[in-house]
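What follows is a set of notes on a single structure, which appears directly below.
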Amino acid sequence: MGFRTLRQCVETLREEGQLIEIDCPINPHLEIAEIQRRLFRSGGPALLFRSVLGTQHPVLINLYGTQKRVERLFSDTLDRVRRLVELKIDPAAAIQRPLRYWRSPLDAISMVPRQVRKGRVLDRNIPLASLPGVTGWPGDGGPFITLPAVYSEHPDAPSLKNSNLGMYRVQLRGNRYEENTEVGLHYQIHRGIGVHHAAAIAKGEPLKVSIFIGGTPSMAVSAMMPLPEGLSELAFAGALAGHRIPMIHRKGRPSIYADADFVIEGTITPDLTKPEGPFGDHLGYYARQHDFPVMRIDNVWQREDAIWPVTVVGRPPQEDTLFGWLVHEITGPIIPTVLPGISSIHAVDAAGVHPLLLAVGSERYLPWKNSSRPAELLTQASAILGQGQLSLAKYLFIANQSDDPNIKAGDIQSFFNHVLRRVDWRRDCHFHTETTIDTLDYTGKGFNNGSKLVVAARGQPVRELPTEIPQDIRLPSGFSKPTVCMPGVLVITGPLIQPRPSLETPDEKAIWGTMGQQAQWTKDIERFTRLIHQTDDIMKWPLIVVTDDSAFSAAHLENFLWVTFTRSNPATDVHGIGETTHQKHWGCTGPLVIDARLKPHHAPPVEEDPTVVTKVDSLCSKGGPLAGIIE
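Counting in the numbering used here, the sequence shown runs from 742 upward without gaps.
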């Protein structure tokens, strides 16, 4: 019936050869993170470090590091959850196929949390400073908890029913946090805890919060799962764990997860914020330092055999990529019921998830007319951008299912080929300006402030995609090294923009003040689109991307996706050859041009510390404690 505790999970994986214990001393500052990244890239086992400097607690990494291991963690329950999802889509299926769904009512019982009076997590009360201080990147503002399940209850009606469980960033120490009494809590917009925090502020009360670390692996998954409103994360965690989640009820405080390895209890004071970050995040850049709420600590609890689970985020793919796969496995079938007409959506992990969405919709308006003009696709695109975390997307490409019944949003190369063969840039670009984007995305003109571009393409192909660099290509001065990335996509090295992104501008005015210099890099692209020799061959390319290094950007698809969509803001960085504006609609007659160079207001990319890389090389070399474990 699934794993109830993290210790039980660790012991099972060790017996099955999917986990190795390491006894040699390991530094939690950068070393553990460097090892984790290598483990994930090589498809290695989970590791349990028993001797971590500065703490007595063992540290677990790479638990979710392979698809095989994720499937093993939920081998007893994943198929049952899928069947519950199927019944959500079609309740009549229970009558039509009773043998398939005979145990679904029993599984549904596991979705009801159970209240208990005590739990092992209350074995010991410990100081906050005793927790492992794992730091992932050299520029991070301090150690962070990277697999927290942050729990809160609505101040107007506190209860398990009115609770929220989310995976938010928790900075353990550093900056101006008071040692042992404060941590930073960074939650993004469109998160459930924000509703609770707003209600507490309205009442003039502090918000009581608990942070759960460890326990059944389903709690971490549930905390990051984009669940629809009305479906409790605790309920989902119970279904995925195969048992009712035990919550310790205590008067005057939010309930505590009884099977957690650690629980940090505290309150968020309405008016108290402090600088949080920087932090190397899932886009592959540093989230800069900004003011975020402070959680004042009341208690830190741990069970006697507690294990501290850790992951590392950074340029994808990383371990959290497997979370994305699991989300799609579970929620993919329900998409058409939430978004009518949409058959599939793919949040592109290589592009940092939020910057790029691909979707397959259906054109049902005026079906008797043989039209190539997107109609219902635009309605469906608006519906997608109105759904929770999907609303943070910057670029949304949407295609018509009936144009190719085999098209799938998850087949990225084929999807782009399909769209680029059909798109008409004079008509098919639809901008949303002065809107919200991901908190962690610095390509816009302010915090959470940017733009979106919907590209909707339908109909028969209007071009064949070129695959060879035109022989007569002539580029304006400063532009060089044209490189083919994929059919129809040409990547060109553009003039380097100075100054380069830096972490040494912590205040928002300093960060986005460089936007006043935008004219100089915009003029580069305007000069490019005006002066490029517009031969028939160059005009056949539907998409041109200007980057700092075309060889790197075109080396493989993952590089292209990461550079193009994490380093551009549609309203300011999308241009075109033969630009036109008609009735406030922007388009172009020639190739679309995206300026994906690093600008001064962007956040700098994360990079490893060379000294730590060398140290871990030695640990992995012959005779080292990690020899043969990491390829």
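Don't be surprised by glycine CBs; every beta carbon is placed ideally from N, CA and C.
Cβ separation of residue i and residue j, assumed to be a contact under 8 Å, to the nearest whole Å
i            : j            : result
residue 1288 : residue 1232 : 6 Å
residue 774  : residue 1053 : 4 Å
residue 759  : residue 813  : 7 Å
residue 1040 : residue 866  : 6 Å
residue 1128 : residue 1097 : Incorrect: roughly 16 Å between the Cβ atoms, too far for contact.
residue 1243 : residue 1234 : Incorrect: roughly 22 Å between the Cβ atoms, too far for contact.
residue 1302 : residue 1182 : 15 Å between Cβ atoms; not a contact.
residue 1131 : residue 962  : Their Cβ separation, rounded to whole angstroms, is 19 Å, which puts residue 1131 and residue 962 out of contact at 8 Å.
residue 1342 : residue 1252 : 6 Å
residue 1211 : residue 1273 : At roughly 11 Å, the Cβ-Cβ gap does not stay under 8 Å, so residue 1211 and residue 1273 are not in contact.
residue 871  : residue 796  : 6 Å
Cα-Cα separation between residue i and residue j, rounded to whole angstroms
i            : j            : result
residue 1180 : residue 1364 : 44 Å
residue 1346 : residue 799  : 30 Å
residue 910  : residue 852  : 26 Å
residue 1058 : residue 868  : 35 Å
residue 787  : residue 1172 : 44 Å
residue 1219 : residue 1294 : 17 Å
residue 1312 : residue 836  : 51 Å
residue 891  : residue 1217 : 53 Å
residue 1263 : residue 1320 : 14 Å
residue 1304 : residue 779  : 22 Å
residue 754  : residue 882  : 33 Å
residue 1084 : residue 1118 : 12 Å
residue 745  : residue 752  : 12 Å
residue 770  : residue 876  : 5 Å
residue 1037 : residue 1250 : 28 Å
residue 1322 : residue 1271 : 16 Å
residue 972  : residue 1268 : 52 Å
residue 1390 : residue 926  : Outside the displayed range of the chain (742 to 1372) lies residue 1390, so it cannot be described from this structure.
residue 1031 : residue 912  : 12 Å
residue 1144 : residue 1227 : 21 Å
Start-to-end residues for the beta strand (DSSP E) that takes in residue i
i            : result
residue 1102 : 1097-1102
residue 1016 : 1003-1017
residue 949  : 948-954
residue 811  : Careful: residue 811 lies outside any beta strand (DSSP E), inside the alpha helix (DSSP H) at 808-814.
residue 1233 : 1230-1234
residue 1049 : 1049-1051
residue 979  : Unbroken run through residue 979 is the alpha helix (DSSP H), 974-982; no beta strand (DSSP E).
residue 925  : 923-927
residue 1087 : 1085-1088
residue 907  : 904-907
residue 1136 : 1136-1141
residue 996  : 994-998
residue 911  : 910-912
residue 800  : 800-802
residue 989  : 987-991
residue 890  : 890-894
Which of helix, strand or coil DSSP assigns to residue i
i            : result
residue 1069 : helix
residue 1121 : helix
residue 846  : helix
residue 782  : helix
residue 1031 : strand
residue 859  : coil
residue 777  : helix
residue 1216 : coil
residue 1265 : helix
residue 1275 : coil
residue 790  : strand
residue 765  : coil
residue 1223 : strand
residue 1039 : strand
residue 1062 : helix
residue 827  : helix
residue 1129 : helix
residue 876  : strand
Contact test: residue i Cβ vs the ligand MN heavy atom, cutoff 7 Å
i           : result
residue 837 : Among the ligands in the structure shown, none appear at all, so the ligand MN cannot be discussed.
Limits of the unbroken alpha helix (DSSP H) element including residue i
i            : result
residue 750  : 747-756
residue 1250 : 1249-1253
residue 962  : 958-965
residue 939  : 933-944
residue 1076 : 1076-1079
Could you tell me which uninterrupted alpha helix (DSSP H) segments, each at least 4 residues in length, are contained entirely in the stretch 1147-1206, listed from first to last along the chain?
Counting only runs of 4 or more, we get 1153-1163.
Quick check for students: name the residue ranges of the beta strand (DSSP E) that lie wholly in the stretch 1277-1350, counting only runs of 3 or more.
Taking only runs of at least 3 residues, the beta strand (DSSP E) segments lying wholly in the stretch 1277-1350 are 1284-1288, 1315-1317, 1320-1323, 1326-1329 and 1333-1336.
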